[in-house]
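Chains as they are written, first to last, in the working numbering: chain A, 4 to 294; chain B, 4 to 294; chain C, 4 to 294; chain D, 4 to 294.
Here is the structure:
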């Protein structure tokens with residue numbers, strides 16, 4: 004049976020960034036030590052060019068401390084004393100995830116089965132789709148399915164409806180699991196939560212539509228997939244995870260699409276896992292990933 | 004000691020392509036069988052979309068046959084009877100290779116050492132450079148070095164001089180081993196031999212100058228290298244080989260450049276080996292590689 | 004929607020091996036050509052040491068020919084005239100696959116979803132398990148589930164019952180998708196069909212039980228998975244597919260098990276696909292794979 | 004031109020391990036902060052099973068401080084106050100490396116060229132060989148060559164001579180770059196410095212002699228290479244780096260050997276670089292690598 008992520012002792016995870024200065028490691032670690040916490044993992048990164056410091060601290064608090072209060076206190080300390088901003092999560096937090104899908108079901112099944120197997124620190128609370136193709140499968144998994152068709156004319160209304168569903172479900176993360184619609188800049192602003200998209204190419208190569216057809220036409224020897232945070236600039240958001248697989252002249256577009264599906268599943272799941280484990284900091288359209 | 008490629012029995016290798024039609028395998032194999040040859044390897048590929056047939060045949064002729072005569076005869080047969088065109092090489096052929104280099108020496112050393120180790124079916128007959136940086140190293144390897152500086156003003160004259168050196172050396176292949184000049188369309192036409200270039204990105208991503216800087220700026224998680232045949236359209240020729248390696252936020256541009264060097268060496272050597280082993284057919288700006 | 008393998012034109016695939024001799028390619032291709040067939044793919048391999056020739060031919064027959072009759076005729080021709088033995092399959096053949104599972108469900112879901120998506124040339128006709136854990140999931144997929152518990156005492160009876168289920172379902176392939184029981188030599192002989200097993204290590208390293216624990220204890224930097232045909236010698240059958248993934252000191256046994264699951268899924272699916280596509284020849288406990 | 008590792012500002016690197024206890028991060032970082040040092044990188048690892056804490060700290064000292072004195076002071080502090088043991092290196096340290104070679108030259112050339120290109124934080128001070136094959140090449144690189152033949156009878160005397168050369172050269176690291184002799188337990192004890200060996204298989208598979216022949220005989224689909232610290236138990240020392248490459252039935256033993264050479268070069272260089280960058284801690288026959 005798969006190991007569940009909830010077997011671990013309660014821990015806090017802080018993800019912070021701010022201007023570099025001497026003493027950041029000592030002072031943040033010192034704050035935790037003074038409160039008798041025990042650091043499990045501590046990762047740092049300095050961007051030499053930008054003089055920015057990034058930090059991930061994971062620690063178990065002393066017995067009897069209220070972790071939520073402690074997290075808020077650390078957050079204030081970091082902001083006020085260190086000039087570092089970010090968030091503090093509890094290991095018991097279960098991010099509520101909304102899946103956006105269309106007809107393709109490979110990332111859908113892969114993600115849902117990983118959540119059900121206890122691989123992911125979160126819960127899929129709803130599936131939103133512009134097609135009914137995955138309604139039955141979603142319901143079989145015991146997840147509410149929301150069919151919200153989208154046309155050029157109805158897009159504003161459809162996005163309003165999507166936002167309503169997200170709010171009702173208190174979604175903290177959106178995953179576009181091969182959702183074949185572009186979310187508007189307005190939607191991305193208003194939804195207020197991170198959106199992870201999986202693009203079926205090794206970005207920045209083959210951005211836009213039909214990337215596997217583009218790859219086949221160019222005669223590349225590797226195809227790729229890229230998971231990134233969605234931004235208003237299509238396919239240009241901060242890259243989280245990428246991988247590639249080898250192809251040859253023997254592979255036609257159909258073969259490439261089939262092989263690509265396996266890549267998309269793996270890369271999308273990797274990005275979602277890192278996000279839910281609070282391992283990703285975004286900075287200047289790039290990601291720092293403490294894996 | 005490394006195995007030498009010359010220990011093998013004499014063989015002929017035909018690389019052909021032409022319009023697909025039933026019987027091509029049977030008739031080409033039949034021609035060889037009737038002359039008591041023994042097929043060592045036979046590879047085929049059909050491009051379903053274009054209805055083109057590609058074939059690589061490697062066979063040992065019957066004792067006493069003159070392989071050069073046999074090769075010419077097969078070539079005529081394929082052209083006249085099967086409508087297939089291409090070339091026939093002998094396993095004793097040693098392609099005469101000209102290396103173009105600038106200051107970077109990693110692909111240079113790597114390639115030269117592979118030729119000296121007997122890994123490659125060919126011989127490096129000259130090194131041409133627009134800098135003197137690698138003159139001593141080239142001479143140490145016992146290879147003639149030609150220093151031909153290039154400026155915008157002198158480029159036509161420099162290319163004329165390069166062509167002269169190539170002709171004097173009967174070069175059958177040019178390898179741009181991180182040669183930091185663009186060969187003109189005129190040069191590519193007049194040199195009359197294939198030119199392999201190594202570009203330090205996963206094309207078509209990051210074509211043009213300073214690809215590692217571009218990759219770092221975009222925040223990709225994999226960097227790549229691409230070996231391709233040079234054409235008049237810079238970085239757009241038929242791709243022969245590609246590979247990638249993983250990077251993270253921890254890698255600055257210097258780290259990426261260092262890791263990239265290892266990729267460039269491996270990908271360039273792979274492309275040169277496939278070419279010298281007569282494994283590559285070019286078609287519509289793509290390659291068919293019988294590996 | 005995924006491409007279905009059944010959209011292709013009807014074709015025959017021959018997989019043959021026998022003593023090498025001149026003319027095998029010409030004569031087998033000639034036989035097909037004389038009957039106005041068109042070769043789609045032709046792959047050959049010679050084992051220089053053993054002097055054995057391996058061949059895979061895929062061709063479309065002339066219109067109006069009965070492909071089953073043609074296949075049988077080719078098989079006789081190959082045996083009688085060329086001394087080559089093997090089998091001939093039709094592209095319309097749907098191998099009937101029996102899955103053996105225990106409690107772990109990752110390879111189970113992965114394989115079933117691939118069959119349902121039309122990725123595989125075959126059909127899962129039954130699931131046999133020594134546990135009831137996957138009964139409901141199996142039934143949801145519309146596949147008959149057979150619960151056959153196994154203890155040391157009941158093993159002979161249980162295997163007899165398994166053989167009966169296999170026979171009733173006309174199973175042509177058994178896949179042990181993390182089935183945690185050893186099939187006896189007697190069973191392997193009597194079942195009369197190939198059995199593919201997925202072992203969760205890079206064989207021959209870490210054969211036997213708890214391979215991920217062994218890998219963690221040894222401190223390796225890569226873990227692997229191996230799909231092989233099951234033989235009477237546990238974990239020593241002919242290897243079909245292998246892959247690895249990188250781990251570090253940061254990964255404990257639980258992490259390794261989770262990462263290993265993704266490897267197992269990919270490697271197992273690859274092996275099953277190659278088998279169903281008639282791409283595998285077994286010889287001297289090794290495989291020749293025409294991919 | 005390749006970037007030189009010596010362009011960086013002076014830094015200290017501490018590599019420590021000891022029993023885990025709360026406050027180790029805070030107190031070690033605090034010690035540095037109190038002396039106005041600035042931490043560049045800080046990596047930690049806890050072995051949950053063994054309750055051991057591992058730490059790598061890289062920091063720039065305040066101007067005017069003597070780094071050697073500071074390093075010694077930190078080492079005492081860590082030992083006395085934290086119960087953590089290990090070493091502190093200066094970024095200006097240049098480890099003096101002795102290469103042991105036999106006849107194979109691929110790792111030899113690869114390593115020497117990397118040192119000459121400034122990729123490695125160290126200097127090759129001597130080459131020791133039981134054959135004269137690489138004498139001229141070594142001298143061309145400007146490195147002293149010591150020919151010390153070894154037979155069963157002369158082994159003790161040869162090892163004594165090797166130890167003398169190592170001592171005269173103040174070697175701080177030995178790299179067995181395909182040295183085809185086993186160093187005795189006595190030698191390993193007496194040399195007093197780490198020894199990195201490159202084994203041409205994916206250990207623990209195919210330990211011992213002729214691993215590529217073993218791999219070919221078993222029919223594996225991937226071959227590997229492993230760099231490890233040499234211990235008295237042949238091929239069983241702590242693994243530093245491993246990598247694999249794909250092979251198929253088409254590759255005979257010669258092909259495998261050639262492809263393996265590229266693996267050996269890459270894996271050996273990686274291990275040596277990590278060692279020279281003070282990134283490796285050894286514990287219970289395993290390595291913690293802070294990369």
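Glycine residues also receive a C-beta, built at the ideal position from the N, C-alpha and C atoms. In this text, all values refer to a predicted model and were calculated from it rather than measured experimentally.
Round the Cβ separation of residue 208 (chain C) and residue 274 (chain C) to the nearest angstrom and send it over; I've been treating them as touching at under 8 Å.
Actually they are not in contact, since the Cβ atoms of residue 208 (chain C) and residue 274 (chain C) sit about 18 Å apart, beyond 8 Å.
Contact set between the region 116 to 141 of chain C and chain A, restricted to residues whose Cβ is under 8 Å from the partner
116, 120 and 122
According to DSSP, simplified to helix, strand and coil, what is residue 163 (chain B)?
helix
From the beta carbon of residue 226 (chain D), is the nearest beta carbon of chain C less than 8 Å away?
no
Under 8 Å, Cβ to Cβ, is there at least one residue of chain A near residue 251 (chain B)?
yes
If you run the structure through DSSP and keep just helix, strand and coil, what is residue 129 (chain C)?
strand
Rounded separation between residue 221 (chain B) and residue 256 (chain B) - CA only:
12 Å
Residues that residue 43 (chain A) contacts on chain D, provided the C-beta gap is smaller than 7 Å:
49
Rounded separation between residue 15 (chain A) and residue 61 (chain A) - CA only:
6 Å
Report the start-end ranges of each alpha helix (DSSP H) in the region 67 to 149 of chain A that is 4 residues or longer and not cut off at the edges.
70 to 80, 109 to 119 and 138 to 143
Return yes when the Cβ of residue 263 (chain B) is within less than 8 Å of the Cβ of residue 202 (chain B), no when it is not.
no
Pairwise C-alpha distance: residue 100 (chain A) and residue 175 (chain A):
6 Å
Name, going along the chain, the residues of the region 265 to 281 of chain D whose beta-carbon falls closer than 7 Å to a beta-carbon of chain B.
265 and 269
Sufficient close CB pairs (3 or more, under 8 Å) joining the region 76 to 92 of chain C to the region 112 to 123 of chain C:
no
Taking all protein chains shown into account, do 16 or more other C-beta atoms lie within 10 angstroms of the C-beta of residue 84 (chain A), making it buried, or fewer, making it exposed?
exposed
Residues of its chain near residue 259 (chain D), where Cβ-Cβ distance is below 7 Å and the 5 sequence neighbours each way are ignored:
215, 218, 219, 226 and 250
Going by CA-CA distance only, name the one from A:235, A:12 and A:18 that's closest to residue 283 (chain A).
A:18
Residue 104 (chain B) to residue 183 (chain B) span [Cα, whole Å]:
7 Å
Using a Cβ cut-off of 8 Å (strictly closer), state whether residue 17 (chain C) contacts chain D.
no
Helix, strand or coil for residue 256 (chain B)? Go by DSSP, reduced to three states.
helix
Which residues does DSSP list as the beta-bridge partners of residue 171 (chain A)?
For residue 171 (chain A), which the question treats as bridged, DSSP gives no partner whatsoever.
Within 8 Å, strictly: CB atoms of residue 13 (chain D) and residue 124 (chain D):
no
Check residue 58 (chain C) in the structure and name its three-state DSSP category.
strand
Could you compute how far the alpha carbon of residue 69 (chain A) sits from the alpha carbon of residue 94 (chain A)?
13 Å
Would a check of beta-carbon distances place residue 300 (chain A) closer than 8 Å to chain B?
Residue 300 (chain A) is absent from the model: chain A starts at 4 and stops at 294.
Can you tell me whether residue 81 (chain B) is buried or exposed? The criterion is at least 16 other CB atoms within 10 Å of its CB, across all chains shown.
buried
When DSSP labels each residue in this structure, what does residue 273 (chain A) get in the three-state scheme?
helix
At 8 Å on the CB atoms, spell out the chain B contacts of residue 170 (chain D), in chain order.
The contacting residues do not exist; residue 170 (chain D) stays about 32 Å from chain B at best.
Would you mind reading off the limits of the alpha helix (DSSP H) that contains residue 29 (chain B)?
27 to 37
Applying the criterion that 16 or more other CB atoms from any shown protein chain within 10 Å of the CB defines a buried residue, is residue 75 (chain D) buried or exposed?
exposed
Endpoints, the alpha helix (DSSP H) within which residue 22 (chain D) is located:
Note, residue 22 (chain D): premise wrong, no alpha helix (DSSP H); beta strand (DSSP E) at 15 to 22.
Compute the Euclidean distance between the alpha carbons of residue 212 (chain A) and residue 169 (chain C), then round it to the nearest angstrom.
46 Å
Based on DSSP bridge pairs, tell me the residues matched to residue 289 (chain A).
A:286
Output yes if chain C places a C-beta closer than 8 Å to the C-beta of residue 145 (chain B); else output no.
no
Minimum Cβ-Cβ distance from residue 54 (chain C) to chain D less than 8 Å:
no
Residue 292 (chain B) and residue 252 (chain A) closer than 8 Å at C-beta
yes
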